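Under full-length UniProt numbering, read the sequence shown as residues 1 to 218, first letter to last. Glycine included, each C-beta is placed from N, C-alpha and C at the ideal position. Small disclaimer: the values here were computed from a predicted structure and weren't measured. Structure, as structure tokens:
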Amino acid sequence: MKVASADERLIRKLSQASVCSTGANNEEDEEEGNGDDEDEKSAVLLGPQVPLKEQLELDKDDESLRRWKEQLLGSVDFSAVGDTAEPEVLILSLTIVTPDRPEIVLPFPLVPNAKGYAFTLKDGSRYRLRLSFAVSNNIVSGLKYTNTVWKTGVRGDAGTFSPRQEPYTYELEEETTPSGIFARGSYSARTKFVDDDGKCHLDVSYYFEIRKDWPASS
Numbered sequence: 001m002k003v004a005s006a007d008e009r010l011i012r013k014l015s016q017a018s019v020c021s022t023g024a025n026n027e028e029d030e031e032e033g034n035g036d037d038e039d040e041k042s043a044v045l046l047g048p049q050v051p052l053k054e055q056l057e058l059d060k061d062d063e064s065l066r067r068w069k070e071q072l073l074g075s076v077d078f079s080a081v082g083d084t085a086e087p088e089v090l091i092l093s094l095t096i097v098t099p100d101r102p103e104i105v106l107p108f109p110l111v112p113n114a115k116g117y118a119f120t121l122k123d124g125s126r127y128r129l130r131l132s133f134a135v136s137n138n139i140v141s142g143l144k145y146t147n148t149v150w151k152t153g154v155r156g157d158a159g160t161f162s163p164r165q166e167p168y169t170y171e172l173e174e175e176t177t178p179s180g181i182f183a184r185g186s187y188s189a190r191t192k193f194v195d196d197d198g199k200c201h202l203d204v205s206y207y208f209e210i211r212k213d214w215p216a217s218s
């Protein structure tokens, strides 16, 4: 198995994205387990994390390598870089984006309403989830998401992000809520963000409601 060097850690990119169908809880766990097995088979054995400032000092006498690192890290905001090796990802908000209504911004941690729902959607409506997050201390590589709602779980890659003061935003794929009287009611969802090092930066479960009409207060 290949061992990544400190320089290779700076250029780890995206892996493949896939869509997996899930049904009952046991089937969902099985699908997620299979996906994890595939990731493990193709994973690169990563070396120990090194603080970003220390990485820049490596091979500093090599002029060509120094210029390559400067070009690669040109977007890094060093005011957001600490002395710790481990990157920090802070999830700031979840936004519901739909063409039918104004955006619904939900700050983290999610606070359900009196009925226990994080938000309400109209049946048959199109929507996207947009996450806002901040990255500090070090580069976070291969950030992957899974978003499991009712019978469909979506897996994909968000990418590699450098530390900076300005938050990042990332939109998940567009979804369409089911329609019809039997589709209305309570739904559960779970969203996770995990990086190439296996660190989980977000694991949130919540409930939302699908109704015939949009609520008047949304």
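When the options are compared against residue i, the one with the closest alpha-carbon
i	options	result
D203	I210, V194, R211, E209	V194
G198	R164, Y145, V149, P163	Y145
S188	P102, G116, E88	G116
R128	V97, P215, E88, R211	V97
L172	F108, R130, S64	R130
N147	E174, S125, R126	E174
D196	P87, E63, P107	P87
D100	G142, S186, G124, A183	G124
V111	F208, A216, W214, K212	F208
V149	S64, S186, S141	S186
Pair within 9 angstroms by beta-carbon distance, residue i and residue j
i	j	result
P163	I139	yes
I210	P167	no
Y206	R190	yes
Contacting residues, own chain, Cβ-Cβ under 6 angstroms from residue i (five flanking each side not counted)
i	result
H201	V89, F193
K41	Confidence in K41 is poor, its pLDDT being 43 and thus under 50, which makes the residue's placement too unreliable to answer from.
T176	R126
V105	S93, T95
P109	none
K107	The displayed chain sequence assigns Pro, not Lys, to residue 107. Excluding residues within five positions, the ones whose Cβ falls inside 6 angstroms are S93.
Proximal residues to residue i (C-beta, below 7 angstroms), its chain only, five neighbours per side dropped
i	result
E103	T95, I96, V97
A114	none
D213	K122
8 angstroms CB neighbourhood of residue i in its chain, flanking five on each side removed
i	result
A183	D123, T177, I210
P215	T120
Three or more C-beta pairs closer than 8 angstroms, one from the region 118-125 and one from the region 153-162: is that the case here?
no
Taking three-plus beta-carbon pairs below 8 angstroms as touching, is the region 121-137 in contact with the region 87-99?
yes
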